[in-house]
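Visitor: In the working numbering, the protein residues as written are 414 to 593.
Glycine included, C-beta positions come from ideal geometry on N, C-alpha and C.
Pasting a structure below so you can have a look.
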Amino acid sequence: MEKSIWKVNGVKIECIRGDISNQPGIDAVVNAANAQLRTGGGVAGAIHKKAGPGLQNEGRKYAPISPGEAVITGAYGLPNRHVIHCLGPVYGVDTPSDKLLSSCYKNALKTAQEKGVGSIAFPAISTGAFGYPSEQAAKIAIKTVYDMLKEPGGIKKILFVLFSKKDYFIYKDIIDNMTV
Ligand code: AR6
């Protein structure tokens with residue numbers, strides 16, 4: 414299997430190629446959500462399809478959310494305990510896009526820690542329909558997670574799940590070149 418692992422303060426940071434809706438063994442998966450927390454294309458489509466209608470029903474209570482925000486729900490038909498929904502910025506429209514994208518990862522991790530989540534999987538938020546260039550988004554995702562791990566928080570594993578081979582190698586190159 415294609416994967417790359419890096420350890421920071423005892424926390425495993427790993428990237429793999431795969432489908433975010435098929436990550437058994439991970440406590441919480443992150444959804445690249447829309448503001449209404451409804452089903453959609455890409456990640457949101459895959460997550461809602463597997464979770465079933467309960468996810469959208471619960472999401473109604475929290476919608477709408479703003480770019481950079483994260484909310485947590487149950488996972489319903491998914492093989493996980495929670496879904497953490499993040500609304501990424503539409504690249505160049507929701508600004509400053511870099512800070513808003515970083516806030517997604519920060520808020521997702523904070524929310525996860527508050528719920529006692531031990532492992533979390535992220536997709537490449539904003540890099541599909543929202544147009545964020547993959548390499549810039551990957552650098553923000555990895556740097557934000559790394560900075561958050563300087564403080565102890567209970568999370569033991571962070572998994573980046575990339576759909577395309579190209580995105581997987583972008584993450585792998587960054588992770589393989591991190592030295593701590
Ligand atoms: N597992 C992992 N990654 C995936 C999957 C999957 N099953 N499917 C796609 N990707 P996107 P966004 C990759 O568009 O840019 C939705 O319609 C994909 O290749 O899901 O944040 C929502 O309803 C890309 O690299 O999220 C929102 O309206 C990345 O995941 C809007 O799109 C993110 O693509 C959110 O747009």
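So, is ALA448 buried or exposed, given that buried needs 16 or more other C-beta atoms within 10 angstroms?
Guide: Reading the sequence shown from its first residue, position 35 is the one you call residue 448. The residue in question, ALA448, is exposed, as its Cβ has fewer than 16 Cβ neighbours within 10 Å.
Visitor: How is LEU500 classed by DSSP in three states: helix, strand or coil?
Guide: Residue mapping note: residue 500 aligns to position 87 of the sequence shown, counting from 1. LEU500: coil per DSSP, three-state reduction.
Visitor: Quick one: grab the DSSP three-state call for GLU471.
Guide: For the purposes of this step, residue 471 is taken as residue 58 along the sequence shown, with counting starting at 1. Three-state result, GLU471: helix.
Visitor: On the DSSP letters alone, give me the boundaries of the alpha helix (DSSP H) that ASN520 sits inside.
Guide: On the sequence shown, position 107 is the one that residue 520 refers to. That run of the alpha helix (DSSP H) goes 510 to 527.
Visitor: For LYS596 and GLU564, what's the separation of their Cα atoms in angstroms?
Guide: The chain is shown only over 414 to 593; residue 596 falls outside these bounds and no answer can be derived.
Visitor: Exposed or buried, PRO502, counting other C-beta atoms within 10 Å across all chains shown (16 or more means buried)?
Guide: Sequence index remark: in the sequence shown, residue 502 carries index 89 (1-based). The residue is buried, with at least 16 neighbouring Cβ atoms inside 10 Å.
Visitor: On the CB-based measure, 16 or more other CB atoms within 10 Å of its CB, does VAL530 come out buried or exposed?
Guide: Position 117 of the sequence shown holds residue 530. VAL530 should be labelled buried.
Visitor: Roughly how many whole angstroms lie between the Cα atoms of LYS474 and CYS499?
Guide: Residue 474 sits at position 61 when you count from the first residue of the sequence shown. Residue 499 sits at position 86 when you count from the first residue of the sequence shown. When rounded, the distance between both Cα atoms is 15 Å.
Visitor: Kindly identify the DSSP beta-bridge partner or partners of VAL506.
Guide: Here the question's residue 506 lines up with position 93 in the sequence shown. In DSSP, VAL506 forms no bridge with anything.
Visitor: State whether the stretch 508 to 516 contacts the stretch 449 to 458, with contact taken as three or more CB pairs (one from each stretch) at a distance under 8 Å.
Guide: Touching, no, given that fewer than three Cβ pairs across the two stretches are closer than 8 Å.
Visitor: Check ILE418 in the structure and name its three-state DSSP category.
Guide: The residue labelled residue 418 in the question sits at position 5 within the sequence shown. Correct three-state label for ILE418: strand.
Visitor: Run through DSSP, which three-state label would GLU564 get?
Guide: Translated into positions along the sequence shown, residue 564 becomes position 151. Of the three classes helix, strand and coil, the one that applies to GLU564 here is coil, per DSSP.
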